[in-house]
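Trainee:
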Amino acid sequence: MTLGRRRFTVGGLVVAAWGVVRELAGAGRAGAQGGVQMPAPRGGMQMQKEPQQQQKRGGQAPFRAKVKSFEVGGGSKPGDTVTLRLTIETTGAGSKNVPWTISRDNDVVIKSDTRQNVGGGTTFEVNTTWTATAGPHDFYGVVDPQNTLGEPAAQRGDNTSARTTRVFSDWPRWLSAAKTGTRTAVSAWGARAMFTGIRIDGPFATGGRVVGPDLGGAIHAALTEAGMPGNLASGFGHAVDDIWRAWTDTIRVPGLPWYPSFAAFPAPQAPPTPNVPTPLASLAQDPGKLAPGALASRIKNTIGAAKDWPGGGGIDGYATWFSASVVAWIPTCTIVNVMGKGRTTFAPPYVPVGAVVGGDNIAAPGHFAACPVSWLP
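Residues in the sequence shown are numbered from 10 upward in steps of one, following the numbering used here.
1) State the start and end residues of the unbroken alpha helix (DSSP H) segment that holds GLY302.
2) Who does LEU265 pair with in a DSSP beta bridge?
3) If we ignore side chains and look at the alpha-carbon of each, how far apart do ALA141 and ASP147 end up?
4) Would you check if the distance between the CB atom of ALA70 and the CB atom of LEU158 is smaller than 8 Å?
5) Going by the beta-carbon positions, is the gap between GLY216 and GLY206 smaller than 8 Å?
6) Quick one: what's got a C-beta closer than 8 Å to GLY83's C-beta in the same chain, skipping five residues either side?
7) Can you check whether the CB of PRO374 is closer than 8 Å to the CB of ALA200?
8) With burial defined as no fewer than 16 other Cβ atoms inside 10 Å of the residue's Cβ, what is the status of ARG172: buried or exposed?
9) Starting from ASP122, trace the beta strand (DSSP E) in both directions and tell me its first and last residue.
10) Based on Cα-Cα distance, which residue from GLY166, ARG113, VAL249 lies nearest to ALA303?
11) Does the region 221-240 come within contact of the region 278-291, defined as at least 3 CB pairs closer than 8 Å?
12) What's the gap between the Cα of GLY322 and the Cα of TRP256?
13) In this structure, what does DSSP give as the bridge partners for ASN136?
14) Please classify ASP114: does DSSP put it in a helix, a strand, or coil?
15) Can you tell me which residues form a DSSP beta bridge with ARG352?
16) Would you call the region 329-342 and the region 289-305 in contact, with 3 or more CB pairs under 8 Å?
17) Around the C-beta of GLN125, are 16 or more other C-beta atoms found within 10 angstroms, so that it is buried, or is it exposed?
18) Would you call the CB atoms of ILE97 and PHE72 closer than 8 Å?
19) Report the option in PRO358, VAL151, ALA235 whose CA atom is closest to the CA atom of ASP122.
20) Return the CA-CA distance between GLY211 and LEU385, expressed in angstroms with no decimal places.
21) Could you tell me the distance, in whole angstroms, from the CA atom of TRP253 to the CA atom of VAL365?
22) Just the C-alpha distance for PHE377 and VAL262, rounded to the nearest angstrom, thanks.
23) Going straight from the alpha carbon of THR137 to that of ALA187, what length do you get?
24) Just to confirm the assignment, what range does the alpha helix (DSSP H) spanning GLY225 have?
25) Any contact of the region 343-355 with the region 265-279, i.e. 3+ C-beta pairs under 8 Å?
26) Out of THR110, PRO87, GLY101, LYS86, which one is the CA nearest neighbour of ARG94?
27) In or out: THR311 buried (at least 16 other Cβ within 10 Å) or exposed?
28) Considering only their Cβ atoms, is the gap separating ALA202 from VAL219 smaller than 8 Å?
29) Of the residues VAL382, PRO381, ALA372, which one's Cα is nearest the Cα of PHE204?
30) Would you please verify whether the beta carbon of PRO374 is less than 8 Å from any beta carbon of chain C?
31) Could you tell me whether the Cβ atoms of VAL382 and SER196 are closer together than 8 Å?
32) Work out the CA separation of ALA163 and THR100 for me, nearest whole Å.
33) Any heavy atom of the ligand ZN within a distance shorter than 7 Å of the CB on ARG94?
34) Which residues bound the beta strand (DSSP E) around THR173?
35) Look at the alpha carbon of VAL107 and the alpha carbon of MET237, and state the distance between them as a whole number of angstroms.
36) Roughly how many whole angstroms lie between the Cα atoms of THR131 and ARG113?
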């Protein structure tokens, strides 16, 4: 028997066969190390079919819906119309009903609805409007808020839009209303304010204090009518009244000869007698309490974050207007009709006339009646 060109004996056939086996085994090892490649077996799973199976599984991806974009447009003041637009994107196989909600401020629903029979690979838009109210508001667009589509929790991060915050205010209008309310309030104060607790000895009047109605009510009414939220209007009015009272609480009569006839009165009791008309500027007081910075600071501290809403910088202008108007008014105001009275040292026949000792005044409105305020523009 021969193999190639060599001749073998029958006994050598075993050796040749063993050599062939060794060569084949060596070729197998070389193929495993990057040498001769062994042919793939014809039976069993074929590796090239796996991509086809992956593609098939991808084509059957579950239906999903998510937020593509959310926009809040229009409006800057209370009462303006704001447009809210939610764009929704779907992927996957089949079609389903897609619920959605547009809400604000701790899940206050503005509009909620369901788009029927939406196919995968679709993008659609829904929108609604909202009438703005004063203050900051957070807006959200949410797709499938109750997870009726059964998506895994790990995939629901894109079902809610990022928070969109808008602030709606109308400070120019509010500050104009504050001026109107201030004029009304101070006018009413002048008609009802009065001195009380003045001590009268002889012709001289000393001390006393001024009392009058609150300024805050009229200012609050004007601001709320202009659309400012009630709590802010109340705080604004109280702040103005606080500064006004801080000033009026310093007003005192500094020993002025208001009642000349009380130096020697021919009776045991001096009857109610009006004071000598006197400029308000002649009384002891501290107009520094009316400083614009003090008023602006009080208003801002009282209304809190609203001071930073668009236009809130105008508070400083209002405070300057208020302070300048009142300081200019003080020298023009005349105090009248403060009725003084009191017992005298009259003791006839030896003392035919007597001075008033420890007298006081009648606390009644009208002491500032001759003081109309000429407000600055």
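No residue lacks a Cβ here, since even glycine has one placed at the ideal position from N, Cα and C. Please read these numbers as outputs of a predicted model, since none were measured by experiment.
Mentor: The structure says:
1) For the purposes of this step, residue 302 is identified with residue 293 of the sequence shown, where counting begins at 1. Where GLY302 is concerned, the enclosing alpha helix (DSSP H) stretches over 301-312.
2) Taking the sequence shown and counting its residues from 1, one reaches residue 265 at position 256. According to DSSP, LEU265 bridges with ALA214.
3) As a position in the sequence shown, residue 141 is number 132, starting the count at 1. As a position in the sequence shown, residue 147 is number 138, starting the count at 1. Spanning the two alpha carbons is a distance of roughly 12 Å.
4) For the purposes of this step, residue 70 is taken as the residue at position 61 of the sequence shown. For the purposes of this step, residue 158 is taken as the residue at position 149 of the sequence shown. It is not a contact, given that the beta carbons lie outside the stated cut-off.
5) As a first step, residue 216 must be located in the sequence shown, where it is residue number 207. As a first step, residue 206 must be located in the sequence shown, where it is residue number 197. Their beta carbons are under 8 Å apart, which means GLY216 touches GLY206 by this criterion.
6) The residue you call residue 83 lines up with position 74 of the sequence shown. The residues are ASP89, THR90, VAL91, THR92.
7) Position 191 of the sequence shown holds residue 200. Position 365 of the sequence shown holds residue 374. In contact: ALA200 and PRO374 (Cβ atoms closer than 8 Å).
8) Taking the sequence shown and counting its residues from 1, the one referred to as residue 172 is at position 163. Classification of ARG172: exposed, given that the 10 Å Cβ count is below 16.
9) Counted from its first residue, the sequence shown places residue 122 at position 113. Start and end: 117-128.
10) Taking the sequence shown and counting its residues from 1, one reaches residue 303 at position 294. Here the closest residue by C-alpha is VAL249.
11) no
12) The residue given as residue 322 occupies position 313 in the sequence shown. The residue given as residue 256 occupies position 247 in the sequence shown. Those two C-alpha atoms are separated by around 24 Å.
13) Mapped onto the sequence shown, residue 136 falls at position 127. DSSP, once it has assigned bridges, lists ARG94 as partnering ASN136.
14) As a first step, residue 114 is located in the sequence shown; it is residue number 105 there, counting from the start. DSSP places ASP114 in coil when its eight states are reduced to three.
15) Position 343 of the sequence shown, counted from the start, is the residue given in the question as residue 352. Partner(s): GLN278.
16) yes
17) Taking the sequence shown and counting its residues from 1, the one referred to as residue 125 is at position 116. With fewer than 16 other Cβ atoms within 10 Å, it is exposed.
18) As a working mapping, residue 97 is identified with position 88 in the sequence shown. As a working mapping, residue 72 is identified with position 63 in the sequence shown. Contact flag unset, no.
19) Counting from one through the sequence shown, the residue named residue 122 turns up at place 113. Nearest option by C-alpha distance: VAL151.
20) Reading the sequence shown from its first residue, position 202 is the one you call residue 211. Reading the sequence shown from its first residue, position 376 is the one you call residue 385. Straight-line Cα distance between these residues: approximately 41 Å.
21) On the sequence shown, position 244 is the one that residue 253 refers to. On the sequence shown, position 356 is the one that residue 365 refers to. Rounded to the nearest angstrom, the two C-alpha atoms are 34 Å apart.
22) In the sequence shown, the residue the question calls residue 377 occupies position 368. In the sequence shown, the residue the question calls residue 262 occupies position 253. PHE377 and VAL262: Cα-Cα distance of roughly 14 Å.
23) Here residue 137 is taken as the residue at index 128 of the sequence shown, counted from 1. Here residue 187 is taken as the residue at index 178 of the sequence shown, counted from 1. Taking the straight line from one Cα to the other gives about 34 Å.
24) Here the question's residue 225 lines up with position 216 in the sequence shown. Per DSSP, GLY225 belongs to the alpha helix (DSSP H) from 225-234.
25) yes
26) Taking the sequence shown and counting its residues from 1, one reaches residue 94 at position 85. Closest by alpha carbon: THR110.
27) As a first step, residue 311 must be located in the sequence shown, where it is residue number 302. Flag for THR311 reads buried.
28) For the purposes of this step, residue 219 is taken as the residue at position 210 of the sequence shown. For the purposes of this step, residue 202 is taken as the residue at position 193 of the sequence shown. It is a contact, given that the beta carbons lie within the stated cut-off.
29) Numbered from its first residue, the sequence shown carries residue 204 at position 195. Comparing Cα-Cα distances from PHE204 to each of VAL382, PRO381, ALA372, the minimum goes to ALA372.
30) Checking the listed chains, one finds no chain C in this structure; it contains a single protein chain.
31) The residue labelled residue 382 in the question sits at position 373 within the sequence shown. The residue labelled residue 196 in the question sits at position 187 within the sequence shown. Against a cut-off of 8 Å, the Cβ pair of SER196 and VAL382 comes out as a contact.
32) For the purposes of this step, residue 100 is taken as residue 91 along the sequence shown, with counting starting at 1. For the purposes of this step, residue 163 is taken as residue 154 along the sequence shown, with counting starting at 1. Approximately 16 Å, taken between the alpha carbons.
33) As presented, the structure is devoid of all ligands, the ligand ZN included, so that no description of it is given.
34) Residue mapping note: residue 173 aligns to position 164 of the sequence shown, counting from 1. 173-177 is the extent of the beta strand (DSSP E) around THR173.
35) As a working note, residue 107 is residue 98 in the sequence shown. As a working note, residue 237 is residue 228 in the sequence shown. One C-alpha to the other measures close to 39 Å.
36) Within the sequence shown, the letter at position 122 stands for residue 131. Within the sequence shown, the letter at position 104 stands for residue 113. Near 26 Å, if we compare the C-alpha coordinates of ARG113 and THR131.
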